[in-house]
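Take a look at the structure below.
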Amino acid sequence: MGIKDDYLYCKEIIKNNSKSFYKAFSLLPAHKRNAVYAIYAFCRLSDDAIDLHNDLTELEQLKKQLDDFLLTDQLSSPVFRALKDSFNKYELELKPFYQILEGQLMDTNFKGFETYEQLENYCYYVASTVGLMLLPILATKNHKKLVEPAIKLGYAMQLTNILRDIGEDLNLGRIYIPKSYFLKHGYSYDDLYAKNINQAFIDLWEDLAGTAEGYYQDFDQHLKEFDLDSRIPLKNAAWYYSKILEAVRQEKYDCLNKRCYFKF
Numbered sequence: 006m007g008i009k010d011d012y013l014y015c016k017e018i019i020k021n022n023s024k025s026f027y028k029a030f031s032l033l034p035a036h037k038r039n040a041v042y043a044i045y046a047f048c049r050l051s052d053d054a055i056d057l058h059n060d061l062t063e064l065e066q067l068k069k070q071l072d073d074f075l076l077t078d079q080l081s082s083p084v085f086r087a088l089k090d091s092f093n094k095y096e097l098e099l100k101p102f103y104q105i106l107e108g109q110l111m112d113t114n115f116k117g118f119e120t121y122e123q124l125e126n127y128c129y130y131v132a133s134t135v136g137l138m139l140l141p142i143l144a145t146k147n148h149k150k151l152v153e154p155a156i157k158l159g160y161a162m163q164l165t166n167i168l169r170d171i172g173e174d175l176n177l178g179r180i181y182i183p184k185s186y187f188l189k190h191g192y193s194y195d196d197l198y199a200k201n202i203n204q205a206f207i208d209l210w211e212d213l214a215g216t217a218e219g220y221y222q223d224f225d226q227h228l229k230e231f232d233l234d235s236r237i238p239l240k241n242a243a244w245y246y247s248k249i250l251e252a253v254r255q256e257k258y259d260c261l262n263k264r265c266y267f268k269f
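So in our numbering, spot 132 of the sequence shown is number 137, and the numbers just go up one at a time.
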């Protein structure tokens, strides 16, 4: 297999797992979209190691491959070969790649969050890290100036995931909404387990949704600082994701019994 085949392998991963990201980032020039595909494929491997396979050994193997891949050209994984080529083309840093693996570990002994600050820290490790990985590709000149907007977009997207997947996560024994929000809005854990969609639940949901939407709006103010060829794909990616919140509203907030999709 050559490097083109490696990138095609990564392309199939994003194409099969995220229609919104694939639709948005396929608008990038070839060299940029290939690098995005490689990063997405790595993130998917890290996510699946815990959420799909619940395999710490698999996560450790990913970390070992990450330890080794800049030191050798003898790479057996098409994902890591594509990543190596992307590292050679862009000013990518290893730190967020390691941090997303740390984020996956947070789900292996999950105990929930007391405060929003704890939730936001989790969002950084599992989502903002992705934005930091992509920054040198999408903002080749300004990536060091755009760290904060990238982090906040990660918060917005992960909060969106959480608000869409409340029911699915509950079935896995995970409640990502902080305890402080239950207390603030008078919604109980018993209500959640009973899947009661009452006004208290709607108020709680909208409270977090408002925070996410504020981050999306803030990020939109920084789009002009990204590379010209990256602005529309990035705007589309953020817009597609933000519309998931509207999809939940259209389903009358029933994210406890179904997954709500934005149809584009």
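All C-beta atoms, glycine included, are put in the ideal place defined by N, C-alpha and C. Here the structure is a predicted model, which is why all the values come from computation and not from measurement.
Practice problem: Could you give the DSSP three-state label for N176: helix, strand or coil? | Solution: helix
Quiz item: If you count every other CB in all the chains shown that lies within 10 Å of the CB of L33, and 16 or more means buried, which is it?
Solution: buried
Quiz item: Just curious, the alpha helix (DSSP H) that L88 is in, first and last residue?
Solution: P83 to K94
Self-check item: First and last residue of the uninterrupted alpha helix (DSSP H) at H36
Solution: A35 to D56
Self-check item: Chain-order list of residues whose beta-carbon lies under 7 Å from that of C48 (same chain, five-residue window excluded)
Solution: I105 and V135
Exercise. Please state whether DSSP places D195 in a helix, a strand or coil.
Key: helix
Exercise. Would you mind working out which of V253, L233 and E256 sits nearest K37, comparing C-alpha positions?
Key: L233
Practice problem: Measure the alpha-carbon distance for G159 versus D60 and round it to whole angstroms. | Solution: 25 Å
Quiz item: From what residue to what residue does the alpha helix (DSSP H) around L188 run?
Solution: K184 to H190
Quiz item: To the nearest whole angstrom, what separates the beta carbons of Q109 and I180, a pair I think is in contact under 8 Å?
Solution: Q109 to I180, Cβ: 18 Å. No contact.
Practice problem: Go through the stretch 195-244 residue by residue and report every complete run of the alpha helix (DSSP H) that reaches 4 residues or more, in order. | Solution: 204-225
Quiz item: Are the Cβ atoms of I202 and Y127 separated by less than 8 Å?
Solution: no
Quiz item: Would you call N39 buried or exposed, if buried means 16 or more other Cβ atoms sit within 10 Å of its Cβ?
Solution: buried
Exercise. Put Y181 into one of helix, strand or coil per three-state DSSP.
Key: coil
Exercise. Apply the 10 Å Cβ neighbour rule to K146 and answer buried if 16 or more other Cβ atoms are within range, or exposed otherwise.
Key: exposed
Practice problem: Check C265 in the structure and name its three-state DSSP category. | Solution: coil
Exercise. Provide the residue span of the alpha helix (DSSP H) that contains F79, from first to last.
Key: Residue identity check: residue 79 is Gln in the sequence provided, not Phe. First-last for Q79: undefined, no H or E at that position.
Exercise. Check the C-beta distance from I249 over to T165 and give it rounded, since I have them as a contact under 8 Å.
Key: 5 Å
Quiz item: Given a threshold of 16 other Cβ atoms within 10 Å of its Cβ, counted over all protein chains shown, does I156 qualify as buried or as exposed?
Solution: buried
Exercise. Please determine, among C260, W244, M138 and K184, the residue with the shortest C-alpha to C-alpha distance to K200.
Key: C260
Quiz prompt | For N147, three-class secondary structure by DSSP | solution = coil
Quiz item: Going straight from the alpha carbon of C265 to that of T216, what length do you get?
Solution: 19 Å
Quiz item: How would you call D72, buried or exposed, if buried means at least 16 neighbouring beta carbons within 10 angstroms?
Solution: exposed
Practice problem: Would you identify the three-state DSSP class for L97, choosing helix, strand or coil? | Solution: coil
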